[in-house]
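Take the sequence shown: its position 367, counting from 1, is numbered 366 in numbering that gives the first Met the number 0, and each next residue is one higher.
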Amino acid sequence: MKKTLIQNLSANTLQLVINQLFGVLMFYVLSVNLDKDSFGLINLALTVIFTAFNILSFGIDQTVVKKIAHGDDARSVLSIYIFHVVFTGILFYGILLLGKLVFTSDILLYRLILFIGAGKLMLFFSTPLKQISGGMERFKLQAYMLVVSNIVRGCALVVLAITHLLSITGIMWVFIAGDTLEFLFSVYLFKRYIGISIAPRWNKAEYGLLVRQSLPQVGVVLITSALARFDWLFIGFMVSAIKLAEYSFAYKVFEIGTLPLLAIAPLLIPRFTQLFKDESYTGNNLKLLIRAEMVIATFTALLLNMCWNPLIDHITGGKYGVVNSNTIFILSLCLPFIYIMNFFWTIYFVQNRLKMILQVFLVTFGVNVIGDLLLIPFFKNEGAAIAFLASCVVQAILFNSKNKLSELNGSLFILLKCTTCALIGGVLAKFLFQNFWLALLASVAFYFMALALSRQIKIADYKNFRKILGR
């Protein structure tokens, strides 16, 4: 089992690295070759579409993974899930076609939403195949399904940029082509290696049961979808596309900082489902994982801040570096909170504590919305970052307060200690050294020295990790 866990982690990490590399490549090509206004409009369109399709999932995607991991019949679950995505996807795009009545003042934004939405509809149709594969812990197969779109779009955009043919129209067709190819490739792989019939099936009783099982998660999905991009929508519609271009660039790099978490998170739901079902978990191992995640999160935040100004201004010609230095610092403080929130959320989700999760997310959403409304008009992008940080802090505190495992009671203290170590390392290095490379190396050295002195890393941790991984 532990050998399989390592293989799954490797497959999931590989697809994430590929997707992130090509995602960064696309983001870089667009940010450098487009003016800030056009770049901001593309990000606004993507935000609207991603938010819509996240809401349309109804939380069924995560429920399906848990049901398959629990041993439910994959064929039956798949057919009902396919019916859901086909019905809701077609209904949504039909409504989107009527959007011309709403976007009369900004035809370009509407065209972007319509064309990008057509591509994302294809990805939405492929979601059941990917989620069933994940629930069956076929992560290598799932990885193949997930990389096609980004590879195609990344390569195509580079070719267009090199040949000086990059345009808004070309970008829209590239997005449609990449997403459609990923859908077709997913169908081919699923039919060949899983062999379950791919067809929607309407069954009122089974569909109603699936929706009821996902119902507590629907509220979470609605809130998290709005929470994840409310600041983008508010900046894009109420401030300017240019400010959204700047904020989205900083946020994209911030998201790259969560890559280790993205590699681990999909593996935790099926793994924790089995552990809590068999009651075979150990609190000490969970706490060791918390410490490891906090070290990774705060180390990432340290590197982001040390490298930001010289690196980003160099690769973007001075467009997105210094102007975002305060924003990226505030966002980087969110990293350890996001890690710990995901850890507790996964435990509570597999324990079916969905009502409590919804209540926490409602409070979090309220904090974020109020923060955006109060801060963005005055502080623009920095205000959005502060509001997001405040919501992360509140959610982490609430999740921690609901914890019933005594071994995890000190999790927030671990977060604070690791964050303090990163701040000490960064501040000391910048104070003592003017040279970028010397400051970077010194910050890393100071950081790990502080971790060792505060006993956040121990010699015994290595042996314990080897035991957890079975190596």
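Backbone N, C-alpha and C define an ideal beta-carbon position, used for all residues, glycine too.
Query	Result
With a 10 Å radius around its C-beta and 16 neighbouring C-beta atoms as the bar for buried, classify P335 as buried or exposed.	buried
How big is the Cα-Cα spacing for G469 and I106?	Note that G469 has pLDDT 47, beneath the 50 cutoff, so the model's placement of it is unreliable and the number below is only indicative. If you take the alpha carbons of G469 and I106, they lie about 57 Å apart.
Would you give the residue range spanned by the alpha helix (DSSP H) that I54 belongs to?	35-55
Could you pull out every unbroken alpha helix (DSSP H) segment of at least 4 residues lying fully inside the segment 166-204, listed in chain order?	167-192
Need the endpoints of the alpha helix (DSSP H) that T345 sits in, please.	334-349
Count the other C-beta atoms from every protein chain shown that fall within 10 angstroms of the C-beta of P376, then say buried if there are 16 or more, exposed otherwise.	exposed
So S148 is in the alpha helix (DSSP H); what residue range does that whole segment cover?	138-161
Would you report the Cα separation of T315 and M448, rounded to the nearest angstrom?	34 Å
What residue range does the alpha helix (DSSP H) around K403 cover?	Careful: K403 lies outside any alpha helix (DSSP H) and carries neither H nor E.
Comparing C-alpha positions only, which one of P199, E181, V210 sits nearest to L55?	V210
Pick out whichever of I193, C333, N202, M355 has its Cα sitting closest to the Cα of A386.	C333
Taking only the alpha-carbon atoms, compute the straight-line gap between K242 and P259 and give it to the nearest angstrom.	28 Å
Which residue from K286, V76, G116 puts its Cα closest to that of G98?	G116
Do the segment 307-321 and the segment 229-237 meet, that is, are 3 or more Cβ pairs less than 8 Å apart?	no
Whole angstroms are fine: how far does the CA of N434 sit from the CA of I48?	43 Å
If you compare alpha carbons, which of S78, V366, A384 is closest to S324?	A384
Whole angstroms is fine: what's the gap from I356's alpha carbon to A204's?	26 Å
Would you identify the three-state DSSP class for M135, choosing helix, strand or coil?	coil
For the alpha helix (DSSP H) containing T315, list its first residue and its last residue.	Counting along the chain, T315 falls outside any alpha helix (DSSP H), and DSSP gives it neither H nor E.
Under three-state DSSP, which class holds I327?	helix
Going straight from the alpha carbon of V238 to that of K190, what length do you get?	47 Å
If you follow the alpha helix (DSSP H) that T257 is in, where does it begin and where does it stop?	Segment: none, T257 is in no alpha helix (DSSP H) and carries neither H nor E.
Between G134 and V186, how many whole angstroms is the CB-CB distance? I'm expecting something under 8 Å.	Actually they are not in contact, since the Cβ atoms of G134 and V186 sit about 18 Å apart, beyond 8 Å.
Determine the extent of the alpha helix (DSSP H) in which M237 is found, giving its start and end residues.	Unbroken run through M237: none, as it is neither H nor E.
Quick check: the Cα distance between L439 and T297, rounded to an integer number of angstroms?	15 Å
Is it the case that the CB of F184 approaches a heavy atom of the ligand FAD more closely than 8 Å?	The ligand FAD is not part of the structure shown, which contains no ligands of any sort.
In chain order, what residues of the same chain lie with their CB nearer than 6 Å to the CB of Y347, ignoring the 5 residues before and after it?	I356
Taking 9 Å as the cut-off, decide whether the C-beta atoms of I59 and S213 are in contact.	yes
Please give me, in chain order, every unbroken run of the alpha helix (DSSP H) with length at least 4 that falls completely inside the segment 382-454.	410-431, 435-452
If the criterion is Cβ atoms closer than 9 Å, does the pair F122 and I41 meet it?	One detail in the question is off: residue 122 reads as Leu in this sequence, not Phe. No; because the gap between Cβ atoms is not below 9 Å, this pair is not in contact.
State the DSSP-derived secondary structure class of I472, mapped to helix, strand or coil.	Residue 472 falls outside the range modelled here, since the chain spans only 0 to 470, and no answer is possible.
Could you tell me how far apart the beta carbons of S476 and Y319 are, in whole angstroms, since I believe they sit closer than 8 Å?	Residue 476 lies beyond the stretch modelled for the chain, which goes from 0 to 470, so this question has no answer here.
Closer than 7 Å by C-beta to F38: which residues in its own chain qualify, once you throw out the five before and the five after it? Chain order, please.	L29, S30, A244
Establish whether the CB of L140 and some CB of chain C are separated by less than 9 Å.	Included in the structure is just one protein chain, with no chain C present.
Which residues mark the beginning and the end of the alpha helix (DSSP H) in which V76 is found?	73-96
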